[in-house]
Amino acid sequence: MVIDAQAVQQTESARQRALAGLRVLDTGPEARFDRITRLAQQLFAVPMVSITLLDGDRQWRKSHIGLTTEAPREKAFCDITARQDSTLIVDDALADERFADNPFVVGDPHLRFYAGEPLHAPGGEAVGTLCVLDTEPHTLTPEQATVLRDLADWVQDELNRDDELDRAAIAQKGLLPRRKPRARGFDVAAACESSHGVSGDFYDWYDVGDDFCVTVGDVMGKGLAAAIVGASVRTALRSAMDFADLEDSVDAASRLVEEDLDQLATYVTLFHAKVHADGAVDYVDAGHGLALVVRDRGPLERLQSSALPLGIPAPEPRTPDRVLLGPNDALVCVSDGALDALGGDRAFPVLEAIVRGNATAGGAVSRILSAARAGVPIDDVTAVIVRRSSR
């Protein structure tokens with residue numbers, strides 16, 4: 001058989017690029033992978049199990065039982081499995097002329113039995129294996145071979161889920177507002193930090209004539225599903241921006257996403273405001289309750305939530321409230337992740353101190369996120385600040 005060396009090299013280069021794209025090499029143990037290797041050990045009654053990734057001249061094991069984290073790749077059973085891109089089952093390596101003198105058979109770990117399934121990156125490249133091994137001969141039944149394939153599919157889904165989340169996070173960031181509002185006399189800044197790659201929190205702002213709207217939303221839940229819901233609500237609100245009244249625009253957006261929220265059994269808390277050039281702020285707080293005004297002179301003012309979240313039938317209209325921003329006053333709105341990370345109800349004095357201690361909205365937002373990180377947030381963290389200038 002003639003081996004096309006160039007084709008082999010191209011395949012290997014593609015494999016290495018795909019593996020690097022997964023961004024899993026040399027990462028620490030993770031329960032989601034360790035759970036699979038433990039289950040495989042129990043199901044196949046073997047002393048060794050590995051989720052192996054093939055990196056250059058080494059085998060690197062993301063999760064393993066009875067084996068070391070790394071081993072040479074040359075002549076490895078897992079390398080053969082990935083190269084042939086199909087199941088490899090060796091009942092008794094010593095009795096198999098292909099493997100009888102293999103260094104992993106005649107030397108450590110003295111393999112006799114090997115069964116491996118290839119693992120693929122999103123592009124289809126075989127980047128590693130899930131394998132079960134023993135120092136004694138074994139024979140797999142067809143049913144056991146099917147189970148091994150199912151477990152490998154599970155590992156593959158977990159590996160590729162991170163890639164999907166990375167792409168979703170990039171897409172989500174692309175939805176964030178890029179330009180500051182045109183309205184003069186206001187300093188506006190925001191940031192959102194996810195605990196799961198993509199966020200169920202979202203924020204937005206956009207111009208409406210001489211005024212501008214600001215939105216902060218928090219979807220019940222985390223991860224990709226919550227992010228999709230958040231994007232839907234954001235789009236629905238923007239599509240309703242032609243409504244002159246905030247109550248009408250929020251109700252129209254609520255109707256647009258009502259069916260989706262009902263099917264997903266979730267809801268969205270929302271703070272949606274229109275900021276006028278004279279400092280007046282009309283707002284609807286739909287179950288959010290985490291907006292406040294830090295006065296240049298005077299005590300902190302918390303804005304009360306007066307309406308139900310989107311996704312919960314509202315028996316009464318979501319009537320807007322109004323607050324006035326004076327010179328140097330700041331409207332602050334955060335998500336519950338920020339509140340939790342900053343100490344619950346104790347967070348409000350912390351937020352006030354941060355806003356008073358920073359001359360710009362951007363500086364205050366950055367400081368809020370830094371303080372939230374120090375509090376070990378377990379949820380998405382979002383902060384938006386609209387500060388009226390001194391004149």
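If you're matching positions, the sequence shown starts at 1 in the UniProt record's numbering and goes up one per residue.
All C-beta atoms in this analysis are idealised placements derived from N, C-alpha and C, irrespective of residue type, glycine included.
- For Pro349, the secondary structure class from DSSP, reduced to helix, strand or coil, is helix.
- Scanning Ala347, Gly289, Arg387, Asp201 for the CA closest to the CA of His276 turns up Arg387.
- Following the DSSP letters along the chain, one finds Phe77 inside the alpha helix (DSSP H) bounded by residues 77-84.
- Apart from sequence neighbours up to five positions away, the residues of its chain that approach Lys62 with a beta-carbon distance below 7 Å are Val24, Phe33, Ile51, Leu53, ordered along the chain.
- The shortest C-alpha to C-alpha distance from Leu111 to any of Met48, Arg234, Asp345 is the one to Met48.
- The three-state reading of DSSP puts Asp321 in strand, counting E and B together.
- From the listed residues Asp101, Ala31, Leu351, the smallest Cα separation to Ala364 is found for Leu351.
- Listed in chain order, the beta strand (DSSP E) elements of length 3 or more contained wholly in the UniProt domain "GAF" (28-169) are 48-55, 58-65, 70-72, 88-90, 113-120, 126-134.
- DSSP places Gly344 within a helical segment (H, G or I) once states are collapsed to three.
- By the Cβ neighbour-count rule, Gln59 is buried, with 16 or more other Cβ atoms within 10 Å of its own.
- Counting the other CB atoms within 10 Å of its CB gives Thr269 a total of 16 or more, which places it among the buried residues.
- Going by C-alpha positions, Asp278 is about 34 Å away from Glu258.
- In the displayed model, Ile312 falls within coil according to three-state DSSP, outside both helix and strand.
- Taking a cut-off of 8 Å on C-beta distances, the segment 78-90 touches the segment 126-146, as three or more cross pairs fall below it.
- From the listed residues Arg73, Asp91, Asp187, Leu19, the smallest Cα separation to Pro122 is found for Leu19.
- With a cut-off of 8 Å on Cβ pairs, the segment 303-317 is in contact with the segment 246-264, counting three or more such pairs.
- Per the coordinates, the alpha-carbon of Asp211 lies some 12 Å from the alpha-carbon of Met241.
- Within the model, the alpha-carbon separation for Leu39 versus Val155 is close to 12 Å.
- Beta-bridge annotation (DSSP): Ile385 is paired with Ala189, Val332.
- Val216 and Val384 do touch by the CB rule: their CB atoms are close to 5 Å apart, below 8 Å.
- The beta carbon of Pro181 sits closer than 7 Å to the beta carbons of Val188, Trp205, Asp207, Phe212 from its chain, once the five residues preceding and following it are set aside; these are given in chain order.
- Rounded to the nearest angstrom, the Cβ distance from Ala191 to Leu148 is 45 Å, too far for a contact under 8 Å.
- When beta bridges are read from the DSSP output, Leu25 appears opposite no residue.
- Cβ contact annotation for Thr139 (same chain, cutoff 6 Å, sequence separation greater than five): Asp91, in chain order.
- Counting along the chain, the unbroken alpha helix (DSSP H) around Leu246 starts and ends at 246-264.
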